[in-house]
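Residue numbers (our numbering): 2 to 339. The beta-carbon is built from N, C-alpha and C at its ideal position, and this holds for glycine as well. Below is one structure, written out as structure tokens, with a few remarks after it.
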Ligand code: PEP
Ligand code: MN
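Below you can see the structure in the form of structure tokens.
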């Protein structure tokens with residue numbers, strides 16, 4: 002971090018500030034230029050409060066030269082993180098596909114979809130029991146009984162289950178019943194929730210917020226990791242743009258960008274990006290080609306009667322056709338479909 006002092010700052014004032022940084026465990030290099038003095042801070046500056054610093058009367062400007070995230074930063078962890086869930090693996094050359102309905106609706110639906118997606122090559126089962134809906138009048142999910150239907154589908158197929166947590170009060174229940182805890186786009190910056198899932202032993206699937214930058218998204222992962230849970234999978238699911246044709250705009254650039262910034266695996270959700278089933282396949286394949294570590298796809302046995310997101314859900318047949326192409330493309334990207 003570089004701190005530029007205002008012209009005319011007295012030597013004693015510069016030294017006092019330098020000393021306060023040294024007390025925080027940083028080493029400080031002082032450079033006296035013509036009419037201006039610069040402090041170069043070396044060490045862990047993640048705890049330095051830039052806002053507080055910038056209102057000091059002698060401080061002209063502050064520049065970060067390193068990222069504010071540490072645990073998620075590829076610089077300090079060059080090798081890819083691999084997240085293992087039972088037999089499934091995501092990251093570091095292992096490509097995993099998570100599939101299932103938007104929401105858990107019934108025992109028959111979950112078991113049928115679970116069997117179908119497993120046959121087509123999915124390695125984990127998704128399904129929301131707690132649904133974040135835009136309208137309070139829409140189906141809100143089955144709640145806790147939905148988790149038991151997911152467990153039944155797991156018992157039937159062996160597929161680990163991925164499902165969304167909406168509030169810290171459910172952590173204990175999810176710890177007991179769920180394999181991967183999904184934090185949805187709307188909760189990406191629910192910092193209390195992030196801290197609580199950070200104390201859990203289960204991997205976390207962290208979706209990108211509706212309008213979040215890469216850095217904000219990684220900082221949310223950092224919240225989870227800083228509490229001790231380093232098993233985080235990032236999921237690009239489209240962001241808000243001026244385009245209204247699609248539900249969201251899939252940001253394919255996020256895949257190579259996040260891979261450069263972080264060692265965490267990045268998977269893609271083409272279903273919520275597209276918002277319509279016919280566009281899911283091309284977006285999914287684009288994600289594989291851009292280097293994604295996996296996909297999460299909505300599949301429903303009867304999309305026209307789905308309680309949530311039927312318009313963007315693939316039928317089991319469409320999903321099988323997509324998986325045929327994924328199976329060809331993944332090895333071309335140097336990865337293994339798990
Ligand atoms: C979902 O996966 O069903 C979901 C609600 O996704 P998102 O949080 O990305 O909108
Ligand atoms: Mn959905």
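{"Check": "Residues sharing a beta bridge with residue 39, DSSP", "Outcome": "5 and 32"}
{"Check": "Any alpha helix (DSSP H) of 4 or more consecutive residues that is wholly inside the segment 70 to 152", "Outcome": "108 to 121"}
{"Check": "Same chain, Cβ closer than 6 angstroms to residue 251, neighbours up to 5 away in sequence not counted", "Outcome": "239, 274 and 284"}
{"Check": "Any non-hydrogen atom of ligand 1 within 7 angstroms of residue 97 CB", "Outcome": "no"}
{"Check": "Identified DSSP bridge partners for residue 268", "Outcome": "236 and 295"}
{"Check": "Closer than 7 angstroms: residue 236 CB and nearest ligand 2 heavy atom", "Outcome": "no"}
{"Check": "Pair within 8 angstroms by beta-carbon distance, residue 126 and residue 109", "Outcome": "no"}
{"Check": "Under the three-state DSSP convention, the category residue 1 falls into", "Outcome": "This structure cannot speak to residue 1, because the chain is shown only from 2 to 339."}
{"Check": "Limits of the unbroken alpha helix (DSSP H) element including residue 261", "Outcome": "255 to 262"}
{"Check": "Touch test, the segment 218 to 234 against the segment 188 to 201, Cβ-Cβ under 8 angstroms, three pairs minimum", "Outcome": "yes"}
{"Check": "Candidates 96, 140 and 279, of which the one nearest residue 297 by Cα", "Outcome": "96"}
{"Check": "Residues that DSSP places opposite residue 195 in a beta bridge", "Outcome": "In the DSSP output, where bridge partners are listed per residue, residue 195 has none listed."}
{"Check": "The segment 98 to 107 / the segment 144 to 151 touching (three or more Cβ pairs under 8 angstroms)", "Outcome": "yes"}
{"Check": "Residue 43 versus residue 191 - alpha carbon distance", "Outcome": "31 angstroms"}
{"Check": "Close Cβ partners of residue 89 (< 7 angstroms) along its chain, the five nearest in sequence each way excluded", "Outcome": "97, 124, 125, 161 and 339"}
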